[in-house]
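Just so you know, the sequence shown maps onto residues 81 to 204 in the working numbering. Beta carbons are placed, not taken as given, at the ideal position from N, Cα and C, and that holds for glycine. Everything on this sheet refers to the single structure shown next.
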Amino acid sequence: MTAPLIAWLGGIVGAKFARPLLIGLAAAVAVALLGLGKCRYDAAVIARHDGARNAGIAAQGRAGEARAADERRIDDARIRNQTQEITHATQSIPDRAVSDRQHARACLILRRQARPGDPVPAGC
81 MTAPLIAWLG GIVGAKFARP LLIGLAAAVA VALLGLGKCR YDAAVIARHD GARNAGIAAQ
141 GRAGEARAAD ERRIDDARIR NQTQEITHAT QSIPDRAVSD RQHARACLIL RRQARPGDPV
201 PAGC
């Protein structure tokens, strides 16, 4: 099989250079095919690795979203409780008899805690 190729190349480059040229071309083709195979293998390994990594990242992301949702619920409950405490604090004045100084101080505290639009008790 190589004899016809050597004869054909011998007509183009000369009989002396035909055989080494054919060996060099065969080596170049073999190296190119090995390189192509290696690249395809590397791409397959990288794809498998990326798939596993992406699955891990997605699982961590879902866990993080669940933690964030829990934290949001806790924060919402805390804010709701603080808002109720502030609202109830500005809607009432002590029931027991207090001195004028204590009454004035309570009214001052109620005014400071009140948000814009909150009603201030009539006694203040």
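- Distance from Ile-166 to Gln-193 at the Cβ level is roughly 6 Å; contact confirmed, criterion being Cβ atoms closer than 8 Å.
- Unbroken alpha helix (DSSP H) runs of no fewer than 4 residues, entirely contained in the region 127 to 192, are not found.
- Here Leu-105 is exposed: its Cβ has fewer than 16 other Cβ atoms, across all protein chains shown, within 10 Å.
- In the structure shown, the three-state DSSP call for Arg-195 is coil.
- Residues Ile-86 of the same chain have their beta carbon placed closer than 7 Å to that of Arg-99, with the five preceding and five following residues left out of the count.
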